[in-house]
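Enquirer: Would you mind keeping the following structure in view while I ask a few things?
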């Protein structure tokens, strides 16, 4: 399901087409296989001149991506992401993680049946913002009569295939719906779980970095696995 979409839609993930990136709890990269391509640095624009991506060098061979977008009020707004570049099977991929999240006052409710021995809080994952989950594990026995919970904030990793030719850049996201259907049909093997969100449930890949790398290499040539984003042009 490859469709051209605007830059704003691509990185804010407000997709009207049904093509959205799959949420991954673990990264596609390790410290030993991250690469850095200085050709990605600079400002990239799409069809809307007021919407742009600026890629800057960050620590440990990472990139900081600053998305500039125009709001309905006409003012410009910036959102920051962290990205790592990985080379797998002759292709390059960006692992993208949001560094900023909208505030929320929504109530989050986890339940446990204390009458059942070994009961755990459910659900394990709750989506609390776009790109951010709250994970609750336990309870597990602590010291004496104490019961312990592990509560973590889990930013997601979004995977994009990268194609770059001199001054042009195209990004293709690993598609949520395609991966979900491929797993159901037995076309691919992948670890996943369901997480609760405001309206129902969502699907999250939970496999290790090695598992994600194998998945990406296995599916890269399958039509629809990577949905087309937008061709960008470098302006400085």
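In our numbering, the protein residues as written are 835 to 1070. All C-beta atoms, glycine included, are put in the ideal place defined by N, C-alpha and C.
Return yes when the C-beta of residue 1041 is under 6 Å from any heavy atom of the ligand HEM, and no when it is not.
Expert: Among the components modelled here there is no ligand, and therefore nothing to report on the ligand HEM.
Enquirer: To which residues of the same chain is residue 1042 closer than 7 Å at the C-beta, ignoring the five residues directly before and after it?
Expert: Excluding residues within five positions, the ones whose Cβ falls inside 7 Å are 860.
Enquirer: By a C-beta neighbour count over all protein chains shown, 10 Å radius and 16 as the cutoff for buried, is residue 885 buried or exposed?
Expert: By the 10 Å Cβ count, residue 885 comes out buried.
Enquirer: Which class does residue 1098 belong to by DSSP, given the choice of helix, strand or coil?
Expert: Because the chain in this structure spans residues 835 to 1070, residue 1098 falls outside the shown range and cannot be described.
Enquirer: With a 10 Å radius around its C-beta and 16 neighbouring C-beta atoms as the bar for buried, classify residue 1007 as buried or exposed.
Expert: Buried is the call here.
Enquirer: Do residue 862 and residue 931 have their C-beta atoms within less than 7 Å of each other?
Expert: No. Outside cutoff.
Enquirer: Measure the C-alpha to C-alpha separation of residue 848 and residue 929 and round it to an integer number of angstroms.
Expert: Reliability of the predicted coordinates at residue 848 is poor, the pLDDT of 34 falling under 50, and the value obtained from them is presented with this limitation in mind. If you take the alpha carbons of residue 848 and residue 929, they lie about 19 Å apart.
Enquirer: Would you list the one or two residues that DSSP bridges to residue 1031?
Expert: DSSP, once it has assigned bridges, lists 1034 as partnering residue 1031.
Enquirer: Can you give the Cα-Cα distance for residue 974 and residue 958, rounded to whole angstroms?
Expert: Taking the straight line joining both Cα atoms gives about 14 Å.
Enquirer: Taking DSSP as the reference, what is the three-state secondary structure of residue 1041?
Expert: If DSSP states are grouped into helix, strand and coil, residue 1041 belongs with coil.
Enquirer: What does the Cβ neighbour count give for residue 961, buried or exposed, with the cut at 16 atoms within 10 Å?
Expert: It counts as buried.
Enquirer: What does a CB cutoff of less than 7 Å around residue 987 pick up in its chain, not counting 5 residues either side in sequence?
Expert: These residues qualify, in order along the chain: 966, 968.
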